[in-house]
Amino acid sequence: MGFRTPLYDIHLKMGAKIVDFGGWDMPLHYGSQIEEHHKVRRDCGMFDVSHMNVVDVKGERVRAFFRLLLANDVAKLKIKGKALYSCMLNRQGGVIDDLIVYYMDDSWFRVVMNAATRDKDMAWVNAAAREFGGLTITQRNDVAMIAVQGPNAKEKAYQALGEALRAPAGALKPFHAVTVGELFIATTGYTGEDGFEIILPAKAAPFTWRMLNEAGVPPIGLGARDTLRLEAGMNLYGSDMDETTTPLESGLAWTVALEPADRKFIGRETLDKQKAQGVPRQLVGMVLENKGVLRNHQQVVCDGVGRGEITSGSFSPTLERSVALARVPAAVKIGDRCTVDLRGKPATVQVVKYPFVRNGKSCL
Amino acid sequence: MSNIPKDLKYTKSHEWLKLEADGSVRVGITHHAQDLMGDMVFVELPQAGAKVGAGKECGVVESVKAASDVYAPVSGEIVETNSVLSDAPETVNKDCYGAGWMFRMKPANKTELDGLLDAKAYEALVAAEKH
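Each protein sequence line maps, in turn, to chains A and B. Position in the first sequence (first residue = 1) + 1 = the numbering used here. Position in the second sequence (first residue = 1) + 1173 = the numbering used here.
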């Protein structure tokens, strides 16, 4: 038996097929993964993401701490509630985890990190904090997290959780959060659709889940979460990047703040060197031209340039064909055609820009 | 809680087989197999007229999660394939023993049928796999 979220019993009642995900017993789907995917693109759905690691970091010098700890620069966070996506790097520039950090107030930042990396993340953050000094780190095991996503997600969330949310939550721009009573409501997500991620007391989670369901928000499993994020071109930690890859090799250069040049964040030296010498590998999008499904770890051959590997491959329910993210040599260009070994048969893939899908529409 | 009809024969590789009145056999994959794989996105079937050997690969089912070969339960000739599946592979999930059948074949040697599992033996196989 793995760890269970406060919603585990409700998942069983709703017919979830439960699988192990990073040590957690989580719902894979509640019947059909593809139908769940379409519900989120066309209407809305809710995900139990309570397995994610919510951590509050407090102290007078908390901003300076995160400027050291993260590859992105929390100096960008000027308005309370503003969120920033970043990688946390080891000293070699490899990615320990990717996370979202929220600026709550001048002595309080909130971080949401991955579930499967919980132990190593906490070891790293705690060690860095000890060295830095003057910080209190609290893992929020007393909270749950529900993501409500889709074009109709916000409207149904107001219906379910109360009109009092409409003014404060409705006013949020993307990547901001606000606290309303006991609810922490953020305009973040992992689907490429509009919606909220809501952090709430664990005790309130079952009731809130039921209210959302009664307002017409269906439960969505982790299976659809993966195809939604892949279509949206969002990286998955452990697949698209890990401790052996830098963010620059993982399509995450946009999340690395090399300016100001005097900010000495952990892992910076490798990134400066890569930037100066040229980043050897890149993450690109790929579309399979024929039938079949691209899978993680399949080898990609790019004629005259070299080889690469698929880091996230699946079937795109929206595009009704297979798409993938792949790490390939830097010389590979958008529009190139490469070959993938699909179960012993060579198949042609086209290199494309990603995201593949945003707000319900194809970007191809 | 797998659905295993009593009147069918089964293979260890999770195909089902039904003897038709004309002596041909209809083949598909079991409820347990489609449940393990999840939503089907592609089904690749053999050509009608192809001769296949017992236990040989003669098709592929591919779901969001994984790809898996489909094996011929007995030796013989493929006489018909289910054309519905190329446009509606999800039929395999919705009705694996009915509209989701995969192909029909003429067995080369009827005695090969005796070597297949009955519902009870297949149920035991599925139960063993779950532990």
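Just so you know, even glycine gets a beta-carbon here, dropped at the ideal spot from N, CA and C.
Looking only at its chain, what residues have a beta carbon closer than 7 angstroms to the beta carbon of R322(A), apart from the 5 residues adjacent to it on each side? Cβ neighbours of R322(A) beyond the five flanking positions: V288 and L289.
Using a C-beta to C-beta distance shorter than 7 angstroms, which residues of chain B count as neighbours of G222(A)? Within chain B, no residue comes near G222(A); the closest Cβ sits about 10 angstroms away, beyond 7 angstroms.
Three Cβ pairs or more, each shorter than 8 angstroms: is that satisfied between the region 69–80 of chain A and the region 261–269 of chain A? yes
Residue from K334(A), A258(A) and L173(A) with nearest C-alpha to T188(A): Cα-wise, what sits closest to T188(A) is L173(A).
Cross-chain neighbours of D1212(B) in chain A, by beta carbon under 7 angstroms: S33, Q34 and I35
Nearest-angstrom Cα separation, counted from A233(A) out to V350(A): Each residue's CA atom was taken as its position, placing V350(A) and A233(A) some 19 angstroms apart.
Buried or exposed: where does D143(A) fall if 16 or more other Cβ atoms within 10 Å of its Cβ makes it buried? exposed
Which value, in whole angstroms, describes the spacing of the CA atoms of H52(A) and Q140(A)? 12 angstroms
If you draw a straight line from the C-alpha of A1300(B) to the C-alpha of D44(A), how long is it? 39 angstroms
As a quick exercise: from G94(A), V126(A), S317(A) and S315(A), pick the residue whose alpha carbon is nearest that of V280(A). G94(A)
Whose Cβ in chain A lies nearer than 9 angstroms to the Cβ of F1276(B)? None at all; the shortest Cβ gap to chain A is about 18 angstroms.
Can you round the beta-carbon distance between T319(A) and N297(A) to whole angstroms, since I take them to be within the 8 angstroms contact cut? Not really, about 20 angstroms apart at Cβ, beyond 8 angstroms.
Taking the alpha carbon of V302(A) as the reference point, which residue from A277(A), V294(A) and V333(A) has its own alpha carbon closest? V333(A)
List in chain order: all unbroken alpha helix (DSSP H) runs of 4+ residues lying wholly within the region 1188–1263 of chain B. 1204–1210 and 1257–1260
Could you list the residues in the region 293–324 of chain A with a C-beta less than 7 angstroms from some C-beta on chain B, going in chain order? G293, V294, S315 and F316
Does E1230(B) have its Cβ less than 8 angstroms from a Cβ in chain A? no
W109(A) bridges to which residues according to DSSP? Answer by DSSP bridge pairing, in chain order: K59(A) and D106(A).
Got a sec: does the ligand NAD put a non-hydrogen atom nearer than 7 angstroms to the Cβ of D10(A)? The model depicted lacks the ligand NAD and carries no ligand whatsoever.
Within 10 angstroms of the Cβ of R111(A), are there 16 or more other Cβ atoms? Answer buried if so, exposed if not. buried
6 angstroms Cβ shell around N1255(B) - same chain, five flanking residues per side excluded: Excluding residues within five positions, the ones whose Cβ falls inside 6 angstroms are W1274 and M1275.
Chain A beta carbons: is any one of them nearer than 8 angstroms to that of V1257(B)? no
Anything in chain B within Cβ reach of R42(A), meaning under 8 angstroms, just list it in chain order. Ordered by position in chain B, no residue passes the 8 angstroms Cβ test against R42(A), which lies about 15 angstroms from the chain.
Excluding five sequence neighbours on each side, which residues of the same chain lie with their C-beta closer than 7 angstroms to the C-beta of T1264(B)? V1257, L1258, A1272 and G1273
Identity of the residue in G217(A), K274(A) and V285(A) nearest V353(A) by Cα: From the listed residues G217(A), K274(A) and V285(A), the smallest Cα separation to V353(A) is found for V285(A).
For a minimum of 3 consecutive residues, which ranges assigned as the beta strand (DSSP E) are wholly contained in the region 83–170 of chain A? 84–90, 96–106, 109–114, 137–140 and 144–150
Please identify, using Cβ separations under 7 angstroms, the residues of the region 37–67 of chain A that lie next to chain B, in order along the chain. none
For the beta strand (DSSP E) that contains D21(A), what are its first and last residues? Here the beta strand (DSSP E) through D21(A) covers K18 to F22.
Can you tell me the Cβ-Cβ gap for E1330(B) and I1177(B), rounded? I've got them flagged as a contact below 8 angstroms. Nothing about residue 1330(B) can be reported from this structure: the residues present for chain B run from 1174 to 1304 only.
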